[in-house]
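Put into structure tokens, the structure is as follows:
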């Protein structure tokens with residue numbers, strides 16, 4: 041009887057050790073062996089449940105044109121056991137020289153969260169930065185917005201010398217409450233100067249705001265028709 045109890049107790053401990061072995065921390069330790077590095081580990085709560093958003097990145101190389109790839113996960117804690125509820129590999133990140141993107145954890149709804157990946161580079165005197173908004177939808181992450189947020193020609197322009205006048209353009213991303221409490225509207229606010237168009241080098245002021253709404257797959261113009269969507273945080 042005592043021997044059976046010892047065997048049962050040992051088996052229980054074994055199963056418990058296997059269950060608790062899968063945590064964000066142990067996953068990060070394992071994933072480093074594949075050349076990935078952590079770029080975000082953010083704890084949060086949704087509907088009273090403990091969760092973590094964990095992002096890792098891996099460089100594609102060190103050439104000027106090389107960027108990095110991101111592996112995004114959301115972990116949920118159920119009965120003291122962690123498990124992955126949303127996961128997407130090979131998200132193309134903005135950047136150059138193999139550098140990892142900078143990451144901002146953002147609240148995108150009353151009870152929903154996402155991340156913004158920022159990166160860029162300078163090419164032949166032109167500097168460009170992009171922001172990529174990723175959201176966990178269902179069991180996957182989606183790229184909800186990929187937007188140029190900064191550009192200048194300061195490495196090649198001549199002040200007041202048409203057609204190579206200098207410009208410096210900046211665009212900020214923010215989330216503001218709209219008609220949908222589940223997913224806020226995304227607001228783009230531009231400042232600085234920019235070219236009138238790709239075919240017109242005239243430099244004009246860049247001032248204005250644009251609001252986008254989430255349609256279940258991406259952020260589109262405010263008048264875009266909404267479609268059904270399912271959040272991984274519900």
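Numbering (the working numbering), first residue to last: 41 to 274. Positions of the beta carbon are idealized from the N, C-alpha and C atoms, including for glycine.
Check                                                                                                                                                                               : Outcome
Tell me whether residue 81 sits in a helix, a strand or coil according to DSSP, three-state version.                                                                                : strand
Going by alpha carbons, who is nearest to residue 100 out of 174, 137 and 66?                                                                                                       : 137
Sorted by chain position, which residues of the same chain lie with C-beta nearer than 8 Å to residue 104's C-beta, five sequence neighbours on each side aside?                    : 136, 137, 161 and 163
Just reading off the beta strand (DSSP E) that residue 245 is part of, what are its end residues?                                                                                   : 240–245
Leaving aside the five residues before and after residue 195 along the sequence, list all residues of the same chain whose C-beta is less than 8 Å from its C-beta, in chain order. : 162, 164, 165, 166 and 167
Going by DSSP, name the residue or residues bridged to residue 229.                                                                                                                 : 212 and 249
Distance, Cα to Cα, residue 122 vs residue 206?                                                                                                                                     : 52 Å
Where does residue 221 fall in DSSP's three states?                                                                                                                                 : coil
Should residue 148 be counted as a contact of the ligand GTP given a C-beta to heavy atom distance under 6 Å?                                                                       : This structure does not include the ligand GTP; it has no bound ligands of any sort.
Starting from residue 115, follow its DSSP beta bridges and name the residues at the other end.                                                                                     : 92 and 124
Assign residue 188 to one of three DSSP states: helix, strand, or coil.                                                                                                             : strand
Distance, Cα to Cα, residue 147 vs residue 225?                                                                                                                                     : 11 Å
Whose C-alpha, out of 187, 82, 154 and 78, is nearest the C-alpha of residue 181?                                                                                                   : 154
By DSSP, does residue 48 sit in helix, in strand, or in coil?                                                                                                                       : With a pLDDT of 48 at residue 48, under the threshold of 50, the modelled position of this residue cannot be trusted; read the value that follows with caution. Looking at residue 48 - three-state DSSP - the assignment turns out to be helix.
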